[in-house]
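Here's the structure we're looking at; comments come further down.
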Amino acid sequence: MTDMSEEQQTADEAERLIAWLRRELEHQRELNGEMRRAVAELARAFQESLARAHDAAESGDLERVRRITIENRDAWQAYLQQIIEAAKPKRDI
Numbered sequence: 011m012t013d014m015s016e017e018q019q020t021a022d023e024a025e026r027l028i029a030w031l032r033r034e035l036e037h038q039r040e041l042n043g044e045m046r047r048a049v050a051e052l053a054r055a056f057q058e059s060l061a062r063a064h065d066a067a068e069s070g071d072l073e074r075v076r077r078i079t080i081e082n083r084d085a086w087q088a089y090l091q092q093i094i095e096a097a098k099p100k101r102d103i
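Everything in the sequence shown is counted per the numbering used here, starting at 11 for the first residue and increasing by one.
If you want it as C-alpha cells, here you go:
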C-alpha cells in the first residue's frame, strides 16, 4: 500500500507543478502584453516628439525645441518607470 501512496503523492505533486506552470505561463503572457503596450506607447510618443522638435527647428524656434526636448526627457523617464513597474512580480510564486 505504500507504493500506491507514494504514486499518489507523486501524481499530486505533478498536478500541483502543472497548475503552477500554467499560472506562471499566464502571468508571463500578461507581462508580455503589458510590456508590448508600454513599448508601443513609448515609440508613438517618441515619433510625435521628433516630429514636433523637427517642426520647431525648421521654424527656428529654439525655445520650443528646448521645451520639447525637456518634455521628451520627462516622458522617457515616465515610460521607463512604467516598464519597470510592469516587470515587477505581481504575486508570490
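Backbone N, C-alpha and C fix where the C-beta goes; we use that ideal spot for every residue, glycine too.
As the structure is a computational prediction, the values presented were derived from the model and not from experiment.
Query                                                                            : Result
Distance between Glu95 and Ala63 (C-alpha atoms, nearest Å)                      : 29 Å
6 Å Cβ shell around Asn82 - same chain, five flanking residues per side excluded : Ser59
Euclidean distance between Cα positions of Tyr89 and Pro99                       : 18 Å
Where Asp71 falls: helix, strand or coil (DSSP)                                  : coil
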